[in-house]
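Notes for the one structure printed next.
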Amino acid sequence: MIKISSPKNFYTYLILFFGALGIRILFNSFFPYLHDWDERFHALVAKNMMTHPFTPMLRANPVLPYDETSWTDGHIWLHKQPLFLWQMALSMKIFG
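Each residue of the sequence shown is one higher than the one before, starting from 7 at the first, in the working numbering.
This is the structure in structure tokens:
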């Protein structure tokens, strides 16, 4: 543990701590994938699995043509294992 012998050292360490914390928050705010999570896709597939439990579909009734090679735009969605999607669908069915 750091021994703080004077108030001047205490304020120096305090400024260093909050400076490092501020730099960390600043770098994390510029991270491009911070808000681009795929939980919204998991929830949508789990919602569709409530009606079709053995077919993980991203869009149940696609209106526009879809690309089968893209995992975000395909009809059948196989990005996550079905057990977790079934658990989500069951909790949606129970809790609404």
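Note that CB positions come from ideal geometry on N, CA and C, so glycine has one too.
- Excluding its 5 nearest sequence neighbours in each direction, Gly25 has no C-beta neighbour in its own chain below 8 Å.
- Collapsing the DSSP output to three states places Met55 in a helix.
- Pairing Arg65 with His85 gives a Cβ-Cβ distance that is not under 8 Å.
- The shortest C-alpha to C-alpha distance from Asn54 to any of Phe101, Leu91, Ile100 is the one to Leu91.
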